[in-house]
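K.L.:
Supplied in structure tokens, the structure appears directly below.
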Amino acid sequence: MEQMHPVLKEIMLSETEIDIICKKLGKEITTYYENKGLKGPLVLLGLLKGCVPFMANLMKHIIVPLTTEYMVVTSYGNDSVTNGAPQILLDVNQNIENCEVLVVEDIIDSGTTLDFVRNHLLNRGAVDVKIVTLLDKFERRTTIVDVDWVGTKIADEFLVGFGLDYAQRFRNLPYVASVDLNKFDKYNWDDDFKG
Ligand code: IMP
Ligand code: MG
Numbered sequence: 145m146e147q148m149h150p151v152l153k154e155i156m157l158s159e160t161e162i163d164i165i166c167k168k169l170g171k172e173i174t175t176y177y178e179n180k181g182l183k184g185p186l187v188l189l190g191l192l193k194g195c196v197p198f199m200a201n202l203m204k205h206i207i208v209p210l211t212t213e214y215m216v217v218t219s220y221g222n223d224s225v226t227n228g229a230p231q232i233l234l235d236v237n238q239n240i241e242n243c244e245v246l247v248v249e250d251i252i253d254s255g256t257t258l259d260f261v262r263n264h265l266l267n268r269g270a271v272d273v274k275i276v277t278l279l280d281k282f283e284r285r286t287t288i289v290d291v292d293w294v295g296t297k298i299a300d301e302f303l304v305g306f307g308l309d310y311a312q313r314f315r316n317l318p319y320v321a322s323v324d325l326n327k328f329d330k331y332n333w334d335d336d337f338k339g
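Going letter by letter, the sequence shown gives residues 145 to 339 in this note's numbering.
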């Protein structure tokens, strides 16, 4: 396997494990909406930028009719701690009145973002808003949110990869890894470009 970057600590979720999770979640979600009976396409709503690899993998396994939408909601600067007040930088384009919406998120931490997004979508007229997240940092929850599908629960550590970033780095890793924030802050990023 390729060498891990020096600021990374440990692989927490491998590419294979992620594939298994996406297949399982996709099946469960498909069964749920088939049994419920949709009246129109499901709106699969990804929260950018972190949702990209997860949503791409997951939606291959959701086999009910659907459309895709994206939102950009931010509550983080380049920091690892939430500042509490989510802001919408990009809203849903489509009219979602009377639509069933499934929000796709990379990780739930305090719960602030998903609580805010769910309320926003209900205010815009969605008939129902469900949530699927790849990772659940359950120990850190400060806002109670019903998460309908969780890929896996995970311990309280800062993670990067498979969409997750720290200061916008490492979203492209095919796995999820823990990061040494101390090393990260001291690292000379120019070293990455030295042959
Ligand atoms: P919440 O509002 O505190 O639940 O924050 C959720 C958002 O925080 C996620 O969409 C991520 O963008 C970000 N986040 C939380 N924990 C991590 C992490 O360990 N690594 C990278 N991003 C994280
Ligand atoms: Mg995010």
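The beta-carbon is built from N, C-alpha and C at its ideal position, and this holds for glycine as well.
Which runs of the beta strand (DSSP E), 3 residues or longer, sit entirely within the region 240–281?
P.N.:
Complete beta strand (DSSP E) runs here, min 3: 244–252 and 272–280.
K.L.:
Could you give the distance in angstroms between the alpha-carbon of T341 and the alpha-carbon of C195?
P.N.:
The chain is shown from 145 up to 339; residue 341 falls before or after that span and cannot be answered.
K.L.:
Could you name the residues that DSSP lists as bridge partners for K297?
P.N.:
Looking at the DSSP assignment, K297 forms a beta bridge with D280.
K.L.:
Is the region 244–261 touching the region 286–293, taking contact as three or more C-beta pairs under 8 Å?
P.N.:
Touching, yes, given that three or more Cβ pairs across the two stretches are closer than 8 Å.
K.L.:
Do F282 and F198 come within 8 Å of each other at the CB atom, strictly closer than that value?
P.N.:
Result no, Cβ atoms of F198 and F282 do not sit closer than 8 Å.
K.L.:
Output the distance between the C-alpha atoms of N263 and V245, rounded to the nearest integer angstrom.
P.N.:
So the alpha carbons of these two residues sit roughly 12 Å apart.
K.L.:
Going by DSSP, what residues sit across from G190 in a beta bridge?
P.N.:
Paired residues: Y214 and V248.
K.L.:
For R268 and C243, what's the separation of their Cα atoms in angstroms?
P.N.:
In a straight line, the C-alpha of R268 is about 10 Å away from that of C243.
K.L.:
Decide if the region 270–277 is in contact with the region 301–321; the criterion is three or more beta carbon pairs, one per stretch, under 8 Å apart.
P.N.:
These segments do not touch.
K.L.:
Considering only DSSP beta bridges, list what V323 is partnered with.
P.N.:
V323 is bridged to L152.
K.L.:
So, at 7 Å on beta carbons, what are the nonlocal neighbours of E159 in its own chain, with the 5 sequence-adjacent residues on each side left out?
P.N.:
Here the set comprises P318 and Y319.
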